[in-house]
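Note that this note's numbering has the sequence shown beginning at 28, numbered continuously upward.
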Amino acid sequence: MTGVIRWFIMVCVIVASALPGSVVVGEDVNLRLTLRDHNTGQLVPGRITVEQHPEGAAPVYHFVKSLDPEGSAIPYDVTRGPGSFEKHTTVSAHPFGATVPPGFYVVYYEHGPEWRGNKAKLTVKEGEVTEYELSTSRWIDMNERGWYSGDTHVHRTIEDLPNVMRAEDLNVALPLSYWVRDAYTPPAQGDKTVAVEPGLITVDPNRVIWPMNTEYELFTLNGQRHTQGAVFVLNHQQPLTLPAPPVALIAAEARRQGAILDLDKHSWPWSMMLVPIMDVDLFELANNHIWRTEFFFKQWTQEMRPDGWNIETDQDGFTEWGWIDFGFKTYYALLNCGFKMRPTAGTANGVHPVPLGYGRVYVECPDGFSYDNWMQNLNAGRSFVTTGPMLFVTVNDQPAGSTITVDEPTTVRVQGTIETIIPNQVVEIIKNGSLVDRLTLDWEYESPWIHRAKIDVEVPVDGSSWIALRCFANKQIDRRHKLMFAHSSPVHIEMPGKPLRPRKIETDYFVRRMNEEIERNRDHLRPDELAEYERARDIYAAIEETAIEEHPTTNEELMSLIIPDDQLPTGWTSMDLSETDFESSEPIPKLISRPDILHAMAWYTGGKGIANSKVVRVLLALYRNSERKLGMGMYAHVYADEESARMNAEILKRREVARGRLYVWQRGDLLVGLYNAVEMTDEEFQSWVQRVDARLP
């Protein structure tokens, strides 16, 4: 059976919140540490996790203290679930340490994504003081290149932020000091509000805090649970006095004060109403459900998942990729509808188990850094969002966020650079929400820590469009595999007489969501408040009249290809991948999203260079007849476009099969292959072909 498979398979509760900072001088500790820049020898701030490994027991976490009167150390201990927790201390650029039991320890240390993170293994002995110098080094200097990082969803105190920002090497923090969770309550009266004075707080010459920002996060209405969702007003100048709902007046007041609006998460009940009614500016491509831990919010807003968008789920709900992809596709759909939102990133550090700036937005400030320049360019879309890789992109020499006007169909030149400490990035060009190219890049290895690749491709444009780049890598962090990504802000191309048109599957979703919310809120909201949902529905309905009909293969259609056991020929059964010599306990038939980066050995196309092809989803199904020692494999690939499916089908149809036989179908973006590696009669193989053929969409 292994031969059959190898032919087509390549190989809630917050337990604690941020704890108060502490400075300890002269205290006897038996673990004394420093963190230094390897190149200069200077002490640097950082994030420290001390993990004790008792023999035969689960890890125990310890928090360090500063050992200098000028230093600070702020513990952070937040848990959502067994695999979703954050236990660290952010320390200033001073010696630090702890009193710990004897034993074996692993100390993890980081200083933001521009510096090498690493770990040290230590043994603390009874009656002895263990001293260790941790060493890090900068692998890229984004400020030197004119790029400055920010987190637009922060829940830390003003007092804590200087320490934490320096430790995480973050340039701009926008704490949501005003935070209201009840409808009809002004932000100043919110149960989570901490009143602040307007005015910029300068931490360092290139590190600032703007404290006056507001989160409307409505869970109750007239004292009863009735969730609307969240939206942020960033950079306002005086406290906001307007309650929500309604929201249009809040947007007008925000504009009057020079503020910008951040959508928070895309699947709140009211999110798709806010976009057209408030003219929301920012979309969080890296939002506060994206952590460096195990993905936690698998069930959150499952009911909002669009039909036909092929968002990945498993038996527990959203996968992490499904959640990220849901956000990406919602953003793309809004862009296609003409809402030119700009990307941002926010962590909700202070509430969730995630470091400040784990997901961050980098903003280019070519005229030098200032808070005003940063906010202006954030709002202009001169940016990219990342959880690790650095992504620099231009289109026809214009930076991200630009608008280019062309008179007729043409090609545009997409150029840029990806720099990362994680090699073998998957790099994709997205045009109008579709994957138009998955790039094969030549990587330069400047050192084990610096990997660089150049991008220089031409993309055809036959009408008004937008183009963005994104890249992915699967990285192991503390025994957890995480999908790291970066996503550029789009460049818009305008062609007079050929407007950008959304897909009907996108506008259908927005209209449906508004109709659902109108019914859900009908007996709860006042007429003027309900009218905002009705107006949003009408806006989407008008846009829908221009929409394009497309029919990509859906996950449901893929799953319908699977032949149930009770319909198999006599003696045949489906089988699991775990029954083979492949190291996997996952059963198949199995539907796989992102086979290029999330499932390294779970697919095969029979063609050269397929790791760079446009396969976006794969279905595997294996069958066997144990008594006769026969096997049958079926794989179905969904491609980003019909032409790629057709090209690969032709390759497979011409392929000579040395042993066994292969039958290939191609229907639009779908390619299906049926393979038998052990001889069987033509009549029996044809009976299998007929079974599969009858199930094709």
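C-beta: ideal position from N, C-alpha, C; glycine also. Since the structure is predicted, the reported quantities are computational estimates derived from the model, not experimental observations.
task: Return the Cβ separation of Ile185 and Ile101 in integer angstroms, given the expectation that the two are a contact with Cβ distance under 8 Å.
output: Counting from 1 along the sequence shown, the entry for residue 185 is found at position 158. Counting from 1 along the sequence shown, the entry for residue 101 is found at position 74. Your pair Ile185 and Ile101 does not check out as a contact, with CB atoms roughly 13 Å apart and the cut at 8 Å.
C-alpha distance - Ile575 paired with Phe353, whole-angstrom precision: Within the sequence shown, numbered from 1, the residue matching residue 575 stands at position 548. Within the sequence shown, numbered from 1, the residue matching residue 353 stands at position 326. Cα-Cα distance, rounded: 20 Å.
query: Between Ala275 and Glu559, which are expected to be in contact by the criterion C-beta below 8 Å, what is the C-beta distance as a whole number of angstroms?
result: Counting from one through the sequence shown, the residue named residue 275 turns up at place 248. Counting from one through the sequence shown, the residue named residue 559 turns up at place 532. Rounded, the Cβ-Cβ distance is 6 Å, consistent with contact.
task: Under 8 Å by Cβ, that's how I've got Val71 and Gln79 pegged, so tell me the actual separation to the nearest angstrom.
output: By one-based count along the sequence shown, residue 71 stands at place 44. By one-based count along the sequence shown, residue 79 stands at place 52. About 24 Å separates the beta carbon of Val71 from that of Gln79, a gap too long to meet the 8 Å contact definition.
- request: Give a yes or no on contact between the segment 429–447 and the segment 468–487, applying the rule of three or more CB pairs nearer than 8 Å.
  value: Proximity of the segment 429–447 to the segment 468–487 meets the contact definition, three or more beta-carbon pairs being nearer than 8 Å.
- request: Report back the beta-carbon spacing between Phe712 and Arg681 to the nearest angstrom; my notes put them in contact at under 8 Å.
  value: Taking the sequence shown and counting its residues from 1, one reaches residue 712 at position 685. Taking the sequence shown and counting its residues from 1, one reaches residue 681 at position 654. With a Cβ gap of about 19 Å, Phe712 and Arg681 do not count as contacting.
query: Do Ile494 and Asn727 come within 8 Å of each other at the CB atom, strictly closer than that value?
result: Shown here, the chain extends from 28 to 724; a query on residue 727 therefore has no answer.
- request: Can you have a look at Glu710 and say buried or exposed, based on whether 16 or more other CB atoms are within 10 angstroms of its CB?
  value: As a first step, residue 710 must be located in the sequence shown, where it is residue number 683. Result: exposed.
task: Determine the direct distance from the alpha carbon of Ser620 to that of Ala663, and round the result to whole angstroms.
output: Within the sequence shown, residue 663 is the residue found at index 636, counting from 1. Within the sequence shown, residue 620 is the residue found at index 593, counting from 1. So the two alpha carbons sit approximately 12 Å from each other.
query: Do you know how far the Cα of Ile590 is from the Cα of Gly139?
result: Against the sequence shown, residue 139 aligns to sequence position 112. Against the sequence shown, residue 590 aligns to sequence position 563. For Gly139 and Ile590, the gap between their C-alpha atoms comes out near 50 Å.
task: Would you kindly report the start and end of the unbroken alpha helix (DSSP H) that includes Lys356?
output: Your numbering for residue 356 matches position 329 in the sequence shown. Under the DSSP assignment, Lys356 falls in the alpha helix (DSSP H) whose first and last residues are 347–363.
- prompt: For Gly73, which residues does DSSP report across the bridge?
  reply: For the purposes of this step, residue 73 is taken as residue 46 along the sequence shown, with counting starting at 1. Partner(s): Val118.
- prompt: Considering only the beta carbon of each residue, do Gly384 and Thr371 sit closer than 8 Å?
  reply: Counting from 1 along the sequence shown, the entry for residue 384 is found at position 357. Counting from 1 along the sequence shown, the entry for residue 371 is found at position 344. Taking 8 Å as the Cβ cut-off, Gly384 and Thr371 do not qualify as a contacting pair.
Sub-8 Å separation of Val111 and Phe323 beta-carbons: Your numbering for residue 111 matches position 84 in the sequence shown. Your numbering for residue 323 matches position 296 in the sequence shown. In the sequence as presented, Val is not what sits at residue 111; that position holds Ser. Going by C-beta atoms, Ser111 is nearer than 8 Å to Phe323.
task: Report the rounded CA-to-CA distance for Val134 versus Leu62, giving the unit in angstroms.
output: What you label residue 134 is simply residue 107 of the sequence shown in a count that begins at 1. What you label residue 62 is simply residue 35 of the sequence shown in a count that begins at 1. Using only the alpha carbons, I get a separation of about 11 Å.
Which listed residue (Gly154, Asp209, Arg553, Ser162) has its alpha carbon closest to that of Thr67: By one-based count along the sequence shown, residue 67 stands at place 40. Ser162 is the residue among Gly154, Asp209, Arg553, Ser162 whose C-alpha sits nearest the C-alpha of Thr67.
Chain-order list of residues whose beta-carbon lies under 7 Å from that of Arg506 (same chain, five-residue window excluded): By 1-based counting over the sequence shown, the position of residue 506 is 479. Confidence is the limiting factor: at Arg506 the pLDDT is only 45, short of 50, which leaves the residue's position unreliable and the question unanswerable from this model.
- prompt: Hey, would you say Asn363 sits closer than 8 Å to Asn459, going by beta carbons?
  reply: Numbered from 1 along the sequence shown, position 336 holds the residue referred to as residue 363. Numbered from 1 along the sequence shown, position 432 holds the residue referred to as residue 459. One thing to note: Asn363 has its Cβ within 8 Å of the Cβ of Asn459.
- prompt: Rounded C-beta distance between Val432 and Ala500? I'm assuming under 8 Å.
  reply: To locate residue 432, count along the sequence shown from 1; it is residue 405. To locate residue 500, count along the sequence shown from 1; it is residue 473. The question names Val, but residue 432 in the sequence shown is Thr. Cβ-Cβ separation between Thr432 and Ala500: approximately 35 Å, too far for a contact (criterion under 8 Å).
- prompt: Taking the continuous alpha helix (DSSP H) assigned at Gln403, which residues delimit it?
  reply: Locating residue 403 in the sequence shown gives position 376, where the first residue counts as 1. Note, Gln403: alpha helix (DSSP H), 398–407.
task: Report the three-state DSSP secondary structure of Thr597 (helix, strand or coil).
output: By 1-based counting over the sequence shown, the position of residue 597 is 570. Assignment of Thr597 by DSSP, reduced to helix, strand and coil, places it in the coil class.
Counted within 10 angstroms of its Cβ, other Cβ atoms place Met586 as buried (16 or more) or exposed: Here residue 586 refers to the residue found at position 559 when the sequence shown is read from its first residue. By the neighbour-count criterion, in which 16 or more other beta carbons inside 10 Å mark a residue as buried, Met586 falls on the exposed side.
- prompt: What whole-angstrom Cβ distance do Tyr389 and Trp174 have, given they're in contact under 8 Å?
  reply: By 1-based counting over the sequence shown, the position of residue 389 is 362. By 1-based counting over the sequence shown, the position of residue 174 is 147. Indeed they touch by this definition, with Cβ atoms about 5 Å apart.
field: Segment contact, 8 Å Cβ cut-off, at least three pairs: the segment 542–555 with the segment 508–518
entry: No contact exists between the segment 542–555 and the segment 508–518.
field: Cα-Cα separation, Asp196 to Pro122
entry: Position 169 of the sequence shown holds residue 196. Position 95 of the sequence shown holds residue 122. Going by the C-alpha atoms only, they are around 18 Å apart.
- prompt: Which one of Glu137, Phe131, Trp142 has the shortest CA to CA distance from Thr150?
  reply: Position 123 of the sequence shown holds residue 150. The option with the nearest alpha carbon to Thr150 is Phe131.
- request: Express the C-alpha separation of Trp166 and Leu201 in angstroms, rounding to a whole number.
  value: As a first step, residue 201 must be located in the sequence shown, where it is residue number 174. As a first step, residue 166 must be located in the sequence shown, where it is residue number 139. A straight-line Cα-Cα distance of about 26 Å links Leu201 and Trp166.
- request: Taking only the alpha-carbon atoms, compute the straight-line gap between Gly386 and Cys392 and give it to the nearest angstrom.
  value: By one-based count along the sequence shown, residue 386 stands at place 359. By one-based count along the sequence shown, residue 392 stands at place 365. If you take the alpha carbons of Gly386 and Cys392, they lie about 19 Å apart.
message: My output table needs one value for Lys219: the three-state DSSP class, helix, strand or coil.
response: Position 192 of the sequence shown, counting from 1, holds the residue named residue 219. It is coil, neither helix nor strand.
- request: Can you grab the Cα-Cα spacing for the pair Thr254 / Lys92, in whole Å?
  value: Start at 1 with the first residue of the sequence shown, and residue 254 comes out as number 227. Start at 1 with the first residue of the sequence shown, and residue 92 comes out as number 65. Cα to Cα, the separation comes out at about 41 Å.
- request: Look at Glu137 and Arg74 and say whether their C-beta atoms are less than 8 Å apart.
  value: As a working note, residue 137 is residue 110 in the sequence shown. As a working note, residue 74 is residue 47 in the sequence shown. Going by beta carbons, Glu137 and Arg74 fall inside the 8 Å limit.
- request: Give every residue of the same chain whose Cβ lies closer than 7 Å to the Cβ of Pro579, excluding the five residues on either side of it in the sequence, and list them in chain order.
  value: As a working mapping, residue 579 is identified with position 552 in the sequence shown. A distance below 7 Å between beta-carbons, with the five flanking residues on each side excluded, links Pro579 to the following residues of its chain, in chain order: Asp696.
task: Have a look at Asp434 and Asn240 and give me their C-alpha separation to the nearest angstrom.
output: Position 407 of the sequence shown, counting from 1, holds the residue named residue 434. Position 213 of the sequence shown, counting from 1, holds the residue named residue 240. If you take the alpha carbons of Asp434 and Asn240, they lie about 42 Å apart.
task: Quickly, what does DSSP pair Cys498 with across the bridge? List them, please.
output: The count along the sequence shown starts at 1 and reaches residue 498 at position 471. Under DSSP, Cys498 forms a beta bridge with Val454, Ala513.
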